[in-house]
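All residue numbers for the sequence shown refer to this note's numbering, where the first residue is 13 and numbers rise by one. Here's the structure we're looking at; comments come further down.
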Amino acid sequence: MVKLTDIIDFLNLTAPPHLAESYDNVGLLIGEKEKEIRKVLVTLDTDEIVAIDAREKQADLVLSHHPLIFRPLGRITGEDAVSRTVLSLIKDDIALFSMHTNFDSVKCGLGDLFLDKIAETQNRVPIEGDGENGIGRIADVKGELVFSKLLDRIKTEFHIKSLRYIGPENKQIRKIAVVNGGGADYIYEAKKLGADCFVSGDMKYHQARFAYENDLALVEVPHYQAEIIFCGYVKQLLENRFGSELEVLVTDKNTDIWKQLDELVIDTET
Numbered sequence: 013m014v015k016l017t018d019i020i021d022f023l024n025l026t027a028p029p030h031l032a033e034s035y036d037n038v039g040l041l042i043g044e045k046e047k048e049i050r051k052v053l054v055t056l057d058t059d060e061i062v063a064i065d066a067r068e069k070q071a072d073l074v075l076s077h078h079p080l081i082f083r084p085l086g087r088i089t090g091e092d093a094v095s096r097t098v099l100s101l102i103k104d105d106i107a108l109f110s111m112h113t114n115f116d117s118v119k120c121g122l123g124d125l126f127l128d129k130i131a132e133t134q135n136r137v138p139i140e141g142d143g144e145n146g147i148g149r150i151a152d153v154k155g156e157l158v159f160s161k162l163l164d165r166i167k168t169e170f171h172i173k174s175l176r177y178i179g180p181e182n183k184q185i186r187k188i189a190v191v192n193g194g195g196a197d198y199i200y201e202a203k204k205l206g207a208d209c210f211v212s213g214d215m216k217y218h219q220a221r222f223a224y225e226n227d228l229a230l231v232e233v234p235h236y237q238a239e240i241i242f243c244g245y246v247k248q249l250l251e252n253r254f255g256s257e258l259e260v261l262v263t264d265k266n267t268d269i270w271k272q273l274d275e276l277v278i279d280t281e282t
């Protein structure tokens, strides 16, 4: 029998809570530690649709990357999306646990997985942090890597139809810096550390201008595509640890909320 406290101990060992950023809210958000857990549903985000999915799949625990309760809740009335989701999980006796920036930062966590999918590297260290743990990764590229090949690999690995990027396609990439999710603010430190390419998401105009003006190749990987890889990775970690004692599922209700209009067709006859 697996109890919630057993899973918490394993997850806290995998991604220690002290590695989370000061603004973050990680760990057990809903539930009692002595609860028996037979089935876990892994998700990037937790919303009302995922809560329904958890109920229909008879999950005992939802394990998310992004915390549902990110800021303090003054009231839980069901009048907003977050409180409705909280109420739904509580009514259905479903626990909720989040691993966010602590899992981004830890060695062999999401930051390393993100870089592994982008390029073959060596001598990797965090962009910000101590030792092996910290936000982002910067590393030397193994062998030769032309920017155009890097772009193709990113499109393939993250299933992206079109990429926003800055820099000449024939540029040789020797040192690459990455931050999964919304890490655009780290572009300045990446440049200081000698990166000639920076990959992250949620870019602002002036950060893009900085890259353009400082000969820094830049690739924007959308937040959702960069971090949906969390789900399969954590599923594997749990299965490796608990085996047949625990059934681990990945929700199919996560979705990229952004839509992209590639071509606007205007009906001139109306």
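All C-beta atoms, glycine included, are put in the ideal place defined by N, C-alpha and C.
If you count every other CB in all the chains shown that lies within 10 Å of the CB of T89, and 16 or more means buried, which is it?
-> exposed
Which residues bound the alpha helix (DSSP H) around R165?
-> F159 to E169
Neighbourhood of L127 by C-beta distance below 8 Å, restricted to the same chain and skipping five residues each side | T133, R136, R149, A151, I188 and V190
Under the assumption that P138 contacts I147 (Cβ atoms under 8 Å), give the Cβ distance between them as a whole number of angstroms.
-> 6 Å
Identity of the residues DSSP links to N134 by a beta bridge = Note that residue 134 corresponds to Gln in the displayed sequence, not to Asn. D152, per the DSSP bridge assignment.
Decide if P84 is buried, meaning its Cβ has at least 16 other Cβ atoms within 10 Å, or exposed.
-> exposed
Backbone CA spacing between E48 and F254 [nearest angstrom] | 13 Å
Nearest candidate by alpha-carbon position, reference N182, set S160, L228, N114 and K154 = S160
Where does the unbroken alpha helix (DSSP H) through S34 begin, and where does it stop?
-> Taken as a continuous stretch (DSSP letters only), S34 belongs to no alpha helix (DSSP H), as it is neither H nor E.
Report buried or exposed for Y177, applying the criterion of at least 16 other Cβ atoms within 10 angstroms of its Cβ.
-> buried
Closest residue to L175 among D274, V74, I19 and A27 (Cα-Cα distance) = D274
Take D116 as the anchor and find which of L249, F242 and E251 has the nearest alpha-carbon.
-> F242
Sub-8 Å separation of I185 and L162 beta-carbons | yes
Alpha carbon of D92 to alpha carbon of E60, nearest angstrom = 11 Å
Quick one: what's got a C-beta closer than 7 Å to L99's C-beta in the same chain, skipping five residues either side?
-> I88 and G90
With a Cβ-Cβ cutoff of 8 Å, do A66 and V54 count as a contact?
-> no
Please determine, among T58, H77 and V62, the residue with the shortest C-alpha to C-alpha distance to N192.
-> H77
Buried versus exposed, by CB contacts within 10 Å (16 or more), P180 = exposed
Just the C-alpha distance for Q219 and E169, rounded to the nearest angstrom, thanks.
-> 25 Å
By Cβ distance, which residues of its chain are closer than 8 Å to E46, with the 5 residues on each side in sequence left out?
-> K15, L16 and T17
Could you pull out every unbroken beta strand (DSSP E) segment of at least 3 residues lying fully inside the stretch 207-232, listed in chain order?
-> 209-212 and 229-232
Can you tell which of D268, L25 and E44 has its C-alpha closest to the C-alpha of I172?
-> D268
Report the rounded CA-to-CA distance for M215 versus F222, giving the unit in angstroms.
-> 11 Å
S76 - containing beta strand (DSSP E), residue span | L73 to S76
Assuming V38 and N114 form a contact by the criterion Cβ under 8 Å, report the distance between their Cβ atoms to the nearest whole angstrom.
-> 5 Å
Under the assumption that L56 contacts E239 (Cβ atoms under 8 Å), give the Cβ distance between them as a whole number of angstroms.
-> 6 Å
List the residues that DSSP assigns as beta-bridge partners of Y198.
-> DSSP lists no partner for Y198.
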